[in-house]
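According to numbering that gives the first Met the number 0, numbering within the sequence shown proceeds without interruption in unit steps and concludes at 148. Glycine included, every Cβ here is placed at the ideal spot set by N, Cα and C. Fair warning: this is a prediction, and the values are worked out from it, not measured in the lab. Below you'll find the structure, written out as structure tokens, and then a few comments.
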Amino acid sequence: MIWTSLNKYRDIGLLILRLGIGGMFIFHGAPKIIGGPEKWEKLGATMGIFGVHFLPVFWGFMSSFAEFFGGVCLILGLFFRPICILLTINMAVATSMHLHRGDGLGGASHAIEGGILFLSLILIGPGKYSLDEKLKPYNSGRSNIPVLS
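Okay, here's the thing in structure tokens:
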């Protein structure tokens, strides 16, 4: 009974999750994005695991961009699902890097957990306290009229 009464707070729970995870990804992404081309090249070299040896600066920048600006977008609930797709891919590459380096599951666990989280959020969506929800066209299949239940 008490557990089902918490269902009405689903969107607040998603907001808290978005704020916390978004903030942490800004924290982790900021040093990477401001690190510039030298930092991006080192990050982008990870793509060599997949046989991609060209444009390491570009791949490193994309990873940094996904983390930092992805965190911003998570907080705002803006471009939510596309950002979660980028972050899922980023976490898959990070997982592969850790496993390739020999860090084992313990070393890769943070990236694996992030990947599971973002994959789940693609399906769940940002919740009603998001810019995506506020900017949605009025006739998008979901009425803005409250339903009494």
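Burial state of V92 is buried, judged by a 10 Å Cβ sphere holding 16 or more other Cβ atoms.
The residues F67, G70 and V71, in chain order, have a CB closer than 7 Å to that of I25 in the same chain once the five nearest residues on each side in sequence are set aside. Apart from the 5 residues on each side of it in sequence, K38 sits with its Cβ closer than 8 Å to the Cβ of P30, K31, G59 and S63 in its chain, given in chain order. Here L5 has no same chain residue with a Cβ atom under 8 Å from its own Cβ, once five neighbours each way along the sequence are excluded. Y128 is a Cβ neighbour of G76, given a cutoff of 8 Å.
Cβ neighbours of H97 within its own chain (closer than 7 Å, five residues either side excluded): G106, A107 and A110.
Per DSSP, the unbroken alpha helix (DSSP H) holding G28 starts and ends at R9 to I33.
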